[in-house]
Amino acid sequence: MIEIPSDLHKDLVPLAFLLGDWAGAGVHDFPGSEKCNFGQEVAFTHDGRDFLEYQSHTWVLDNDGNKVRPLESEHGFWRIDADRKVEVTMVRDDGVVEIWYGELADKKPQIDLVTDAVARTAASGPYSGGKRLYGYVKSDLMWVGEKQTPEVELRPYMSAHLKKVVTPEDVERWAKALPDDMPDDGIAFFK
């Protein structure tokens, strides 16, 4: 279910499907790095201004699904214009700052992004750009990231399947929003 908060900036309504806390797992594989499964927590929040704030934390998982160590962290800001063009500014824990541009697909909650600018600190590893695809599929958030370095051509390196995190406050809010004439047995919904 996609909720549109009453205090969401009107320009951000097309991105409302991203809002909330998400958690899940994925796969990381890039030449020169350890191939691994990872866990991920993502938050898309807003404060009434014309951007979404984005935070992502990933960590390596062992064969039993336990956290081993941090993998990557990102923080950024997402905007969209009237023509469905999306811009993202992002900073990563490895010393990379990126500007991404892309577009929200027509009639479906899918965003394609490509790096437009990349800045790196002296401590960061080689990196020259990337692509990302985010999609809202059957109430889940899925994404795939591609990256390139001077030595490695653009190729997929991370992908994840995330589920919406439901809090007790969410359940309480949904319960209060139910109609007063709900059938006691619930079966009436299916007749």
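Just so we're aligned, residue 1 is where the sequence shown starts under the UniProt record's numbering, counting upward by one.
Cβ coordinates follow ideal geometry from the N, Cα and C atoms, glycine included.
If you're wondering where the values come from, they're calculated on a predicted model, not measured in any experiment.
{"Item": "Proximity winner among 36, 98, 129 and 32, relative to residue 65 (alpha-carbon distances)", "Value": "36"}
{"Item": "Residues near residue 146 by beta carbon distance below 7 Å, same chain, minus five either side", "Value": "130, 131, 154, 155, 156 and 157"}
{"Item": "Whole alpha helix (DSSP H) elements within the region 71-153, 4-residue minimum", "Value": "none"}
{"Item": "Spatial neighbours of residue 89 in its chain, beta-carbon cut-off 6 Å, leaving aside the 5 residues before and after", "Value": "76, 77 and 99"}
{"Item": "Selected residue, minimal CA-CA separation from residue 23, among 141, 29 and 92", "Value": "141"}
{"Item": "Stretch pair the region 110-126 + the region 42-59: three plus CB contacts closer than 8 Å", "Value": "no"}
{"Item": "Whole-angstrom distance between residue 38 and residue 28, CA atom to CA atom", "Value": "7 Å"}
{"Item": "Any chain C beta carbon closer than 8 Å to residue 121", "Value": "Among the chains in the structure shown there is no chain C, since it carries only a single protein chain."}
{"Item": "Distance between beta carbons of residue 103 and residue 112, contact taken as under 8 Å", "Value": "6 Å"}
{"Item": "Residue 64, DSSP secondary structure in three states", "Value": "coil"}
{"Item": "Closest residue to residue 160 among 41, 17 and 12 (Cα-Cα distance)", "Value": "41"}
{"Item": "For residue 151 and residue 32, the rounded distance between their alpha carbons", "Value": "10 Å"}
{"Item": "Bridge partners - residue 17, DSSP secondary structure assignment", "Value": "According to DSSP, which records beta bridges pairwise, residue 17 is partnered with nothing at all."}
{"Item": "Within 8 Å, strictly: CB atoms of residue 80 and residue 15", "Value": "yes"}
{"Item": "Rounded C-alpha distance that separates residue 70 from residue 109", "Value": "29 Å"}
{"Item": "DSSP-derived helix/strand/coil call for residue 35", "Value": "coil"}
{"Item": "Per-residue DSSP class, three states only, for residue 49", "Value": "coil"}
{"Item": "Minimum C-alpha distance to residue 264 - residue among 13, 21 and 148", "Value": "In the structure displayed, the chain extends from 1 to 191; residue 264 sits before or after that span and is not available."}
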